[in-house]
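> If you're matching them up, the sequences are chains A and B in order. With this note's numbering, the residue at position 270 of the first sequence is 280, and numbering never jumps. With this note's numbering, the residue at position 114 of the second sequence is 121, and numbering never jumps. Ideal placement from N, C-alpha and C gives every residue a C-beta, glycine not left out. If you're wondering where the values come from, they're calculated on a predicted model, not measured in any experiment.
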Amino acid sequence: MRDVAVIGVGCTKFGEHWNRSFRDLFVEAGALALEDAQLSGEKIDAMYVGNMSAGRFIEQEHIGALIADYAGMATRHIPSTRVEAACASGGLAFRQAVIAVASGMEDIVVAAGVEKMTDVEPGASTDALTGAADREWEGFVGATFPGLYAMIATDYMHKYGMTREQLAHVAVKNHYNGARNPIAQFPQEITLQTVLKSTMVAEPLRLFDCSPITDGAAAVIVAPLERAREFTDTPIKVMATAQASDTITLHDRRDISTLDASVAAGQRAFAMAKLTHKDINMVEVHDCFSIAEICAIEDLGFCKKGTAGTLTADGETALGGRIPVNTSGGLKACGHPVGATGIKQVYEIVQQLRNEAGKRQIEGAKIGMTHNVGGTGATVAVHILGRV
Amino acid sequence: MSVARFWRKIPQRYNLIGTKCETCGQHFFPPRTFCPDCRRTGKIVDHKFAGTGTIVTYTVIQTAPDQFASPGPYVLAIIKLDEGPQMTSQIICDPKDAKIGMRVRGVFRKIATDGESGIIHYGTKFVPVE
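1) To the nearest angstrom, how far is the alpha carbon of Arg46(B) from that of Cys31(B)?
2) Which value, in whole angstroms, describes the spacing of the CA atoms of Ala274(A) and Ala391(A)?
3) So, does the stretch 15 to 24 of chain A touch the stretch 78 to 93 of chain A, judging by three or more C-beta pairs under 8 Å?
4) Kindly indicate if chain B contains any beta-carbon less than 9 Å away from that of Val335(A).
5) Leaving out five residues before and five after Gly58(B) in sequence, what residues of the same chain have Cβ atoms less than 7 Å from its Cβ?
6) Per DSSP, what kind of secondary structure is Cys344(A) in: helix, strand or coil?
7) For Ser50(A), which residues of its own chain have a beta-carbon under 8 Å away from its beta-carbon, when the five flanking residues on both sides are left out?
8) Taking the Cβ atom as the reference point for each residue, do Ala229(A) and Gly345(A) lie within a distance shorter than 9 Å?
9) Counting only Cβ-Cβ distances shorter than 7 Å, please list the residues of the stretch 19 to 48 of chain B near chain A, keeping chain order.
10) Examine the Cβ distances between the stretch 136 to 144 of chain A and the stretch 79 to 93 of chain B and report whether three or more of them are shorter than 8 Å.
11) Could you work out which residue in Gln371(A), Thr380(A), Gln362(A) and Ala318(A) is closest to Leu341(A) when comparing CA atoms only?
12) Within 10 Å of its beta-carbon, does Lys207(A) have 16 or more other beta-carbons around it, so buried, or fewer, so exposed?
13) Whole angstroms is fine: what's the gap from Cys28(B)'s alpha carbon to Arg20(B)'s?
14) Does the beta carbon of Pro92(B) come closer than 9 Å to any beta carbon on chain D?
15) Using 9 Å as the limit for Cβ to Cβ distance, is Met379(A) near chain B?
16) How long is the line joining the alpha carbons of Ile307(A) and Asn291(A), rounded to whole angstroms?
17) For Ala193(B), decide whether its Cβ has a neighbour in chain A, counting only Cβ atoms nearer than 9 Å.
18) Quick check on the DSSP output: the beta strand (DSSP E) that includes Arg174(A) runs from which residue to which?
19) Three Cβ pairs or more, each shorter than 8 Å: is that satisfied between the stretch 56 to 67 of chain A and the stretch 92 to 111 of chain A?
20) Considering Gly74(A), what are the terminal residues of the alpha helix (DSSP H) in which it resides?
21) Can you give me the start and stop residues for the beta strand (DSSP E) that Phe133(B) sits inside?
22) Looking at the secondary structure, which residues open and close the alpha helix (DSSP H) in which Cys28(B) lies?
23) Taking only beta-carbon atoms, is Thr120(B) less than 9 Å away from chain A?
24) Could you compute how far the alpha carbon of Phe32(A) sits from the alpha carbon of Val124(A)?
25) Return the first residue and the last residue of the beta strand (DSSP E) that Ala105(B) is part of.
26) Am I right that Ile68(A) and Asp165(A) are in contact with their C-beta atoms under 8 Å? What's the rounded C-beta distance?
27) What residues in its chain sit with their C-beta under 7 Å from that of Ala238(A), if we drop five residues either side in the sequence?
28) State the DSSP-derived secondary structure class of Pro18(B), mapped to helix, strand or coil.
29) Please report whether the beta-carbon of Ile107(B) lies at a distance below 9 Å from any beta-carbon of chain A.
30) By the 10 Å Cβ neighbour count, where 16 or more other Cβ atoms means buried, how is Asp265(A) classified, buried or exposed?
31) Below 8 Å, is the gap between the Cβ of Ser90(A) and the nearest heavy atom of the ligand HEM?
32) Looking at the structure shown, is Ser90(A) part of a helix, part of a strand, or coil, going by DSSP?
33) Can you list the residues of chain A that Asp73(B) reaches, using a CB-CB cut of under 8 Å?
34) Can you list the residues of chain A that Lys16(B) reaches, using a CB-CB cut of under 8 Å?
35) Give me whichever residues DSSP pairs with Thr389(A) in a beta bridge.
36) Helix, strand or coil for Ile109(A), going by three-state DSSP, please let me know.
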């Protein structure tokens with residue numbers, strides 16, 4: 011296997027882009043990534059595109075070909091493949107691009123993610139997202155996504171005694187970081203009271219525990235590490251790529267508040283990179299709901315089960331803490347265009363490792379991690395990236 | 008959802024009929040036709056569940072999708088059936104009374120409606136055991 015490096019990254023602003031289309035968004039992200047790598051489109055050998063549900067959101071399938079076409083690749087006939095794993099679609103698209111280059115099959119490959127969620131009314135987008143769980147045996151009986159994660163939160167708080175205030179610290183911290191990120195959908199700082207007084211969605215989760223509906227696209231370009239310096243002075247090495255699966259339903263899990271797929275993917279990634287959690291300078295985790303960040307920090311091994319609430323309330327996951335989590339603002343404040351999120355996580359870590367993260371820069375960042383979840387944990391992708 | 012998609016699930020949704028593996032004794036709900044442990048040596052037969060179980064975890068859905076919106080907030084729970092499998096369903100009770108460990112039993116109820124003139128979805132909800 012060849013070593014692989016990220017040589018270029020691009021991302022649109024995340025938000026409600028009423029005046030922009032699905033095509034506009036991914037073309038912008040792709041162009042930004044090409045510009046960053048000082049590369050022309052003719053050098054691209056293949057594309058992988060993470061997208062969860064264009065069929066439901068814009069009534070368009072066949073996204074791989076559409077994107078290649080509008081990226082100006084139709085006459086070059088390069089392979090372009092859509093990758094779908096609900097909210098982990100982006101993470102899996104990145105992993106497929108890395109595997110394609112590592113195998114020697116391709117050299118310069120684009121991994122992109124895109125979702126246009128605001129072209130349908132909120133009820134329809136929520137229903138589309140419910141397809142990430144088991145439609146027949148969860149969605150059918152009235153399980154919503156906030157409802158499923160709320161049941162994780164109930165189980166977790168019952169077992170470990172985490173308080174409602176500790177959980178609210180996740181959102182406060184992520185909004186603080188998002189306020190320092192130019193692409194964030196909600197770059198506003200909030201207080202504990204903002205979270206605790208917001209509308210109840212599914213007890214104990216309130217509106218400010220939930221990630222928003224977002225339009226956005228992100229793209230990164232990977233190449234063999236040995237060729238990376240042809241394109242950039244700051245190549246970022248992909249030190250590990252890992253993926254794991256679990257039962258599609260939450261109720262069939264071994265333990266309701268442990269995502270065993272996160273545990274498995276995390277362990278595989280650390281083994282592949284020959285690193286431990288102590289080597290990681292910052293991690294982007296999948297905080298689709300505040301409780302998801304709590305579980306992720308523990309399942310990836312950054313602290314013992316049951317202690318992430320205290321760790322968060324003590325500021326250890328904030329900028330400047332022992333292990334900064336979601337420096338981008340996470341899904342909560344940066345936004346969550348589902349198919350793009352896994353790629354945006356890589357975008358954020360690459361910015362940190364290149365020392366380009368501005369007001370949210372982690373000093374001396376050398377190694378970072380991404381953690382992207384599909385559904386309630388039926389798919390997890392974990393990547394470790396490092397400076398060379 | 009299409010009529011056929013409802014129709015073929017009637018035994019499971021209306022009567023809690025799942026399967027069990029006679030080789031290892033494990034019960035499955037919803038039914039599996041392949042035992043994940045015994046694999047090809049498994050012998051799968053139908054099993055009608057007693058319908059009694061215990062709440063593992065729950066939430067109160069306050070912001071409900073339109074098809075479930077009436078009559079307001081509802082309790083959603085994961086129930087561990089006495090035979091072993093866990094399933095997700097609604098608990099018909101005062102939201103303040105729901106708690107982990109509560110004993111419940113399955114009942115046949117309306118689940119949702121596809122608008123005013125659409126199909127009515129039926130299935131199993133649970134009520135507290137007195």
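Looking at the coordinates:
1) Roughly 11 Å between the two C-alpha positions.
2) Taking the straight line joining both Cα atoms gives about 10 Å.
3) As far as the Cβ criterion goes, the stretch 15 to 24 of chain A does not touch the stretch 78 to 93 of chain A, which means the pair count is below three.
4) Chain B, which has no Cβ nearer than 9 Å to the Cβ of Val335(A), makes this no.
5) Closer than 7 Å at Cβ, skipping near neighbours: Leu23, Arg112 and Gly113.
6) The answer is helix: DSSP assigns Cys344(A) an H, G or I state.
7) Excluding its 5 nearest sequence neighbours in each direction, Ser50(A) has C-beta neighbours in its own chain below 8 Å: Leu44, listed in chain order.
8) In this structure, Ala229(A) sits away from Gly345(A), with a CB-CB distance that is not shorter than 9 Å.
9) Listed in sequence order: Pro37.
10) They do not touch, by the three-pair rule.
11) The shortest C-alpha separation from Leu341(A) is found at Thr380(A).
12) Burial call: exposed.
13) Their Cα atoms are separated by approximately 20 Å.
14) You won't find chain D in this structure, because its protein chains are A and B.
15) No, Met379(A) lies away from the interface with chain B (no Cβ there is under 9 Å from its Cβ).
16) Using only the alpha carbons, I get a separation of about 13 Å.
17) Outside the displayed span of chain B (8 to 137) sits residue 193(B), for which this structure offers no information.
18) Unbroken run through Arg174(A) is the alpha helix (DSSP H), Arg174 to Gly188; no beta strand (DSSP E).
19) Short answer: they touch.
20) Segment Ile73 to Tyr80, the alpha helix (DSSP H) holding Gly74(A).
21) In the DSSP annotation of this structure, the continuous segment of the beta strand (DSSP E) that includes Phe133(B) starts and ends at Ile127 to Pro135.
22) That residue, Cys28(B), is in no alpha helix (DSSP H); its beta strand (DSSP E) goes Ile24 to Cys28.
23) Taking Cβ atoms only, chain A never reaches closer than 9 Å to Thr120(B), which makes this a no.
24) Our two residues, Phe32(A) and Val124(A), have alpha carbons roughly 7 Å apart in a direct line.
25) Neither: Ala105(B) is in no beta strand (DSSP E) and is coded neither H nor E.
26) Contact between Ile68(A) and Asp165(A) does not hold, since the beta-carbon distance rounds to 36 Å and is not under 8 Å.
27) Excluding the 5 residues flanking it on each side, Ala238(A) has same chain C-beta neighbours closer than 7 Å at Ala15, Ile17 and Pro245, in chain order.
28) In this structure, Pro18(B) counts as helix in the three-state DSSP scheme.
29) Yes - at least one Cβ of chain A is within 9 Å of the one on Ile107(B).
30) With fewer than 16 Cβ atoms within 10 Å of its Cβ, Asp265(A) is classed as exposed.
31) The ligand HEM is absent from the structure shown, which contains no ligand whatsoever.
32) Correct three-state label for Ser90(A): strand.
33) The contacting residues are Gly133.
34) Going along chain A in sequence order, the residues near Lys16(B) (Cβ under 8 Å) are Glu146.
35) Partner(s): Ser255(A) and Gly384(A).
36) Here Ile109(A) carries a helix assignment [DSSP, helix/strand/coil].
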